[in-house]
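One line per chain: the protein sequences are A and B, in this order.
Residue numbering for the first sequence follows my numbering, beginning at 163 and increasing consecutively.
Residue numbering for the second sequence follows my numbering, beginning at 448 and increasing consecutively.
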Amino acid sequence: MSLQRPTEQLVDALSGALEPVRPIAPLWRQVLALGAAWALCAAVAAIWIGVRPHANLGRGAESDALAATLALLGASGLTAGIASRVPGRERLALAAGAALAAGLGIVAILCLSRSGSLFEAGWFAADAGCVRRALLLGIPTGLLAAALALRGAPWRARSAALALAIGAAGAGALLVHLGCPSQDPRHWLLAHALAPLASGGLAGLALARILERLGRLGALHEESVVDPSRE
Amino acid sequence: MAAAQRGDSAAYKALLLSLLAPLRAFVRQRGVEASEVEDVVQEILLLLHRARHTWRPERPFRPWLWAIARNAATDALRRQTRARSRRVETPEGFEEDSAADSFLVEERAGDPEQQLASRELSPRLAAALEALPEAQRQAVVLLYVEQLSVAEAASRAGVSAAALKVRAHRGARALQAALASEASR
């Protein structure tokens, strides 16, 4: 660009300010770590609410479809969020993002199929309890995912945060769905899917702001390295 | 790149210098105007620097690099499109000021601060500009008054394009805040 500060001078500044960095963990190991966090939550849930997949899988096509969808949302959301922050893994991020969108579409279809009865019965204490448990069980996985995203490239903060938060909420909701003895499809959809996923989406927006802010701070730090005269 | 991750600045510098030509070609291929190419290349270098820890030695380097270049180029193009449209419009705070309007139209050579001082700007705008820190005032004048491109303004100010944009953004916000607080009194 400039005569006074050409790109070559920027190269000088960047190489002059170079500090050693530790490469991020391989993507498969990050996903494995998230799986381990979820497994830990599953162990806690087994003690806390009594996860019993043998009993709760097979209580109806709708329940099984919801369980499969929540599993899809958890795996695809977390993978998409992490992969989107790793340069060169765009295809994986896109594929996982498409799976996440498909999962959300299935939840929407399931909810629309019961749109008449979904909200008319009101909001019960049992609903609130399951939503609370789903979110609590999603928090450890979500926190680890957020930490991994923070270590990634400083871009796509919003989409990464949304995918991660929805994925973590879905992973927590799956545990609740496998542990909840309710036979009411309305409760499954409302308290195991709709409310946790919506809450996850809101948490994702908050996480996006944090990622964006940290990204801006990082950019300003680089600026001060490149241009020490900046006030 | 592995050496750069270990802190070998000579290897890093050699790598970055070897990337300049392909990056310039890549940016041109993306349809960036010739006058903006160096700006975008600098954005890519800054992003590469900030994301250098995300490359894994067992992964190929080029796909990683092009992913960063694509992102930085897309972001930079988006920002430049917005900045251009902002520059075409009269900046906020200048619109009520006929003297400033005529100043925007008039092209003058020489030091922008002297030009500003020589104009009969509204006292409040002149005071708000005067109250800005030197670096911010210069960036605002070069970008919004002189309507230079980011590359030209950065060249004139002797700073990187990114630094100039940060200064101009801060200056514009400070100006808006100053004019708004005066209007509310």
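Each residue gets a CB set at the ideal place from its N, CA and C atoms; glycine is no exception.
Fair warning: this is a prediction, and the values are worked out from it, not measured in the lab.
- Counting along the chain, B/E490 sits inside the alpha helix (DSSP H) bounded by residues 484 to 497.
- By the neighbour-count definition (other C-beta atoms within 10 Å, threshold 16), A/P358 is a buried residue.
- B/A608 is positioned such that its CB atom lies closer than 7 Å to that of B/D486.
- A Cβ of chain A is located within less than 7 Å of the beta carbon of B/P510.
- Where A/D346 is concerned, there is no enclosing alpha helix (DSSP H), because DSSP gives it neither an H nor an E.
- Contact residues of the region 477 to 488 of chain B toward chain A are S482, E483, V484, E485, D486, V488 (C-beta to C-beta distance below 9 Å).
- In chain order, T501 make up the part of chain B whose C-beta sits under 8 Å from the C-beta of A/V248.
- In this structure, the straight-line span from the alpha carbon of A/C342 to that of A/C292 is close to 8 Å.
- B/T528 counts as exposed, since fewer than 16 other C-beta atoms from the protein chains shown sit within 10 angstroms of its C-beta.
- Per the coordinates, the alpha-carbon of B/D455 lies some 26 Å from the alpha-carbon of B/N518.
- Taking 7 Å as the threshold, the shortest C-beta distance from A/V193 to chain B does not fall below it.
- A straight line joining the alpha-carbon of A/A315 with that of A/G278 spans about 44 Å.
- Contacts with chain A at 7 Å (Cβ-Cβ) do not include B/S465.
- Interface residue (Cβ-Cβ distance to chain A less than 7 Å): B/L492 is classified as such.
- Contact fails between the region 463 to 482 of chain B and the region 223 to 231 of chain A, because fewer than three Cβ pairs, one in each stretch, are under 8 Å apart.
- For B/Q452, the enclosing alpha helix (DSSP H) has its first and last residue at 449 to 452.
- Among the residues facing chain A, B/A516 is not included, as its CB has no counterpart in that chain under 7 Å away.
- At a cut-off of 7 Å between C-beta atoms, B/Y459 counts as an interface residue with respect to chain A.
- Listed along chain B are Q489, L492, L493, S607, each with a C-beta nearer than 8 Å to that of A/L172.
- For A/V206, the uninterrupted alpha helix (DSSP H) run begins and ends at 189 to 210, by DSSP.
- Using a Cβ distance threshold of 7 Å, B/K460 and A/S177 count as a contacting pair.
- Across the set A/G334, A/G265, A/F286, the C-alpha of A/G334 shows the shortest separation from the C-alpha of A/L299.
- A direct Cα-to-Cα measurement between B/V488 and B/L470 gives close to 6 Å.
- Going by DSSP, B/Y459 is part of the alpha helix (DSSP H) stretching over 456 to 476.
- Closest in C-alpha terms to B/R453, from the list B/L467, B/I491, B/H500, comes B/H500.
- With a beta-carbon spacing of about 20 Å, B/L611 and B/A578 fall beyond the 8 Å limit used to define contacts.
- Of all residues in the region 303 to 321 of chain A, those with a C-beta nearer than 7 Å to a C-beta of chain B are G314, A315, P316, W317, reading in chain order.
- Here B/Q583 is buried. Its C-beta has 16 or more other C-beta atoms within 10 Å.
- Within a 10 Å sphere around the beta-carbon of A/T169 sit 16 or more other beta-carbons, which makes this residue buried.
- Around the beta carbon of B/G478, a 10 Å sphere encloses fewer than 16 other beta carbons of the protein chains shown; the residue is thus reported as exposed.
- From the beta-carbon of A/T241, no residue of chain B is found nearer than 8 Å; the closest lies around 16 Å away.
- In the DSSP annotation of this structure, the continuous segment of the alpha helix (DSSP H) that includes A/I244 starts and ends at 223 to 245.
- The shortest CA-to-CA distance from A/P188 to any of B/S602, B/W502, B/L494, B/A449 is the one to B/W502.
- Interface residue (Cβ-Cβ distance to chain A less than 7 Å): B/A498 is classified as such.
- With respect to the 7 Å criterion, A/G243 and A/A322 are classified as neighbours on the basis of their beta carbons.
- For A/G222, the closest Cβ of chain B is not nearer than 7 Å.
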